[in-house]
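Novice:
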Amino acid sequence: MKDKDLYRLGLKIKKLREKRGIGRDAFVREAEISKHYFYRIEYGNANPSILELRKIANCLKVRVKDLIDF
2 MKDKDLYRLG LKIKKLREKR GIGRDAFVRE AEISKHYFYR IEYGNANPSI
52 LELRKIANCL KVRVKDLIDF
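Heads up: the sequence shown begins at 2 in our numbering, then just goes up one per residue.
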């Protein structure tokens, strides 16, 4: 993904997580993703794999398609 797309993805994940009222610490435990890596994803500094996107989508109760459709 391009940098601007990674930024959009991170912003979308952050907004959905906050909408569900889940803090980062609780979210990373549920998603089984490292805290540092998840911070990088939310700030657009990491390019998550499809497997990681699936974990994130499952925790957010959305489809992977919903995360990357911007």
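C-beta: ideal position from N, C-alpha, C; glycine also.
Quick caveat: nothing in here was measured; it's all calculated off a predicted structure.
For R18, tell me which candidate among D4, A47 and Y40 has the shortest Cα-Cα distance.
Specialist: Y40
Novice: Where P49 and D4 are concerned, what is the direct C-alpha to C-alpha distance, given to the nearest angstrom?
Specialist: 12 Å
Novice: For F28 and C60, I'd like the C-alpha separation in whole angstroms.
Specialist: 7 Å
Novice: Kindly list the residues whose CB is nearer than 7 Å to the CB of I42, restricted to its own chain and excluding five residues on each side of it in sequence; keep chain order.
Specialist: G11, I14 and P49
Novice: Using only the alpha-carbon positions, how far apart do L54 and K20 sit?
Specialist: Distance between L54 and K20, taken at the CA atoms: about 18 Å.
Novice: Determine the DSSP secondary structure at N46, reduced to helix, strand or coil.
Specialist: Three-state DSSP puts N46 in coil, outside helix and strand.
Novice: What residues in its chain sit with their C-beta under 6 Å from that of D67, if we drop five residues either side in the sequence?
Specialist: none
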